[in-house]
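To keep things clear, I will list the structure first and then write my remarks on it.
Protein chains: 2
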Amino acid sequence: MPKQPATKKCDPTPITLQHDPTAEEFAKLAWGLAHPVRVKIIRMLIGREVCMCGDIVDRIPLAQSTVSQHLKILKECGLIQGELEGQKMCYGIHPQGIKQLKKLIAGL
Amino acid sequence: MPKQPATKKCDPTPITLQHDPTAEEFAKLAWGLAHPVRVKIIRMLIGREVCMCGDIVDRIPLAQSTVSQHLKILKECGLIQGELEGQKMCYGIHPQGIKQLKKLIAGL
DNA sequence: ATCGTCTATCGTCGTTCGACGATGAAAGAA
DNA sequence: TTCTTTCATCGTCGAACGACGATAGACGAT
Numbered sequence: 026m027p028k029q030p031a032t033k034k035c036d037p038t039p040i041t042l043q044h045d046p047t048a049e050e051f052a053k054l055a056w057g058l059a060h061p062v063r064v065k066i067i068r069m070l071i072g073r074e075v076c077m078c079g080d081i082v083d084r085i086p087l088a089q090s091t092v093s094q095h096l097k098i099l100k101e102c103g104l105i106q107g108e109l110e111g112q113k114m115c116y117g118i119h120p121q122g123i124k125q126l127k128k129l130i131a132g133l
Numbered sequence: 026m027p028k029q030p031a032t033k034k035c036d037p038t039p040i041t042l043q044h045d046p047t048a049e050e051f052a053k054l055a056w057g058l059a060h061p062v063r064v065k066i067i068r069m070l071i072g073r074e075v076c077m078c079g080d081i082v083d084r085i086p087l088a089q090s091t092v093s094q095h096l097k098i099l100k101e102c103g104l105i106q107g108e109l110e111g112q113k114m115c116y117g118i119h120p121q122g123i124k125q126l127k128k129l130i131a132g133l
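Protein chains in written order, with the numbering used here: chain X, 26 to 133; chain C, 26 to 133.
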């Protein structure tokens with residue numbers, strides 16, 4: 026997640042809101058897709074190609090720990106969700122997050 | 026721009042394309058909006074609130090060099106374009122970039 | 001109880017981001 | 001010419017990213 030703007034500079038009450046929750050949320054969601062691997066993961070999940078974490082790891086030529094990290098980021102962004110399916114982790118799209126992202130982009 | 030996945034690991038021909046130009050492009054565009062300040066700038070430009078670089082700088086409580094850097098990133102992502110208007114820089118949306126981003130997001 | 005599988009997390013390392021001040025280049029004004 | 005304005009770029013610095021291997025925890029199978 027990109028850290029917030031850090032308004033250190035003395036801000037002379039600029040015209041725009043300096044704490045724009047919409048911009049923050051927007052950036053957070055966009056951040057989830059700001060890496061090719063995460064784009065691939067999202068598309069996999071949307072296509073329902075896969076679900077189990079292992080399947081994702083198998084299809085991405087990166088270390089398991091790295092993939093797990095990307096999954097964590099996607100979860101934090103609210104784009105995916107995961108639940109324990111037996112002993113394996115089953116990931117899927119977080120519909121609200123995707124919907125919100127589409128809404129924000131479409132509203133540009 | 027997030028650097029590409031760096032497929033160092035010996036990739037045993039995974040199922041997914043390891044060089045997915047669409048994912049790269051998608052990530053590049055999303056990266057432009059992965060920071061609250063850049064979201065604000067884009068929205069300013071779309072709303073035609075401003076155009077001149079100075080106007081943008083005035084509305085963002087950050088140093089001029091920092092704003093200029095964000096503008097550079099947005100230009101590199103293909104989301105905005107800038108042309109010299111007299112002695113001032115006039116920024117505006119890059120319609121194709123925005124269109125492409127909307128298309129990719131909508132196609133999720 | 002022991003082994004193997006499946007994930008998440010930790011620690012590390014190099015690179016990039018994001019912020020700043022300072023400087024530089026270009027063009028109009030004095 | 002000499003300021004002043006406007007914007008981009010440079011150099012720096014701390015923090016976060018992105019990658020990895022190693023490890024730990026949970027569970028089923030043997």
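Idealized CB from N, CA, C, for every residue including glycine.
Predicted model only: the values in this text are computed from it and were never measured.
Terminal residues of the continuous beta strand (DSSP E) containing C/Glu74? In the second sequence, the residue the question calls residue 74 of chain C occupies position 49. Neither: C/Glu74 is in no beta strand (DSSP E) and is coded neither H nor E.
In the DSSP output, which residue or residues are listed as bridge partners for X/Ile105? Locating residue 105 of chain X in the first sequence gives position 80, where the first residue counts as 1. Looking at the DSSP assignment, X/Ile105 forms a beta bridge with X/Ile118.
Assuming X/Gly57 is part of the alpha helix (DSSP H), what are its boundary residues? Here residue 57 of chain X refers to the residue found at position 32 when the first sequence is read from its first residue. Counting along the chain, the alpha helix (DSSP H) containing X/Gly57 begins and ends at 46-57.
Report the rounded CA-to-CA distance for C/Ser90 versus X/Gly57, giving the unit in angstroms. As a position in the second sequence, residue 90 of chain C is number 65, starting the count at 1. As a position in the first sequence, residue 57 of chain X is number 32, starting the count at 1. Near 27 Å, if we compare the C-alpha coordinates of X/Gly57 and C/Ser90.
Can the beta-carbon of C/Lys100 be found less than 8 Å from the beta-carbon of C/Gln94? Taking the first residue of the second sequence as position 1, residue 100 of chain C is located at position 75. Taking the first residue of the second sequence as position 1, residue 94 of chain C is located at position 69. No, the pair does not count as a contact, with Cβ atoms beyond the cut-off.
Nearest CA to the CA of C/Lys127: which residue from X/His44, X/Ala55, X/Glu50? As a working mapping, residue 127 of chain C is identified with position 102 in the second sequence. Residue X/Ala55 is the option with its Cα nearest to C/Lys127.
Can you tell me whether DSSP reads C/Pro27 as helix, strand or coil? Residue numbering aside, residue 27 of chain C sits at position 2 when the second sequence is read from its first letter. Note that C/Pro27 scores 38 on pLDDT, short of 50, meaning its location in the model is unreliable; the coordinates nonetheless yield the value given after this. In this structure, C/Pro27 counts as coil in the three-state DSSP scheme.
Count the other CB atoms within 10 Å of the CB of X/Pro61; is the residue buried (16 or more) or exposed (fewer)? If you number the first sequence from 1, residue 61 of chain X lands on position 36. Buried is the call here.
How long is the line joining the alpha carbons of X/Leu70 and C/Ile130, rounded to whole angstroms? Translated into positions along the first sequence, residue 70 of chain X becomes position 45. Translated into positions along the second sequence, residue 130 of chain C becomes position 105. Approximately 15 Å between the Cα atoms of the pair.
Check whether the Cβ atoms of C/Lys65 and X/Ala48 lie closer than 8 Å to each other. Counting from one through the second sequence, the residue named residue 65 of chain C turns up at place 40. Counting from one through the first sequence, the residue named residue 48 of chain X turns up at place 23. Yes; because the gap between Cβ atoms is below 8 Å, this pair is in contact.
Just to confirm, is the Cβ distance from C/Leu133 to X/Ile85 under 8 Å? Translated into positions along the second sequence, residue 133 of chain C becomes position 108. Translated into positions along the first sequence, residue 85 of chain X becomes position 60. No; because the gap between Cβ atoms is not below 8 Å, this pair is not in contact.
If you measure beta-carbon to beta-carbon, which residues of the segment 60-75 of chain X are closer than 8 Å to chain C? His60, Pro61, Val62, Arg63, Val64, Lys65, Ile67, Arg68, Met69, Ile71
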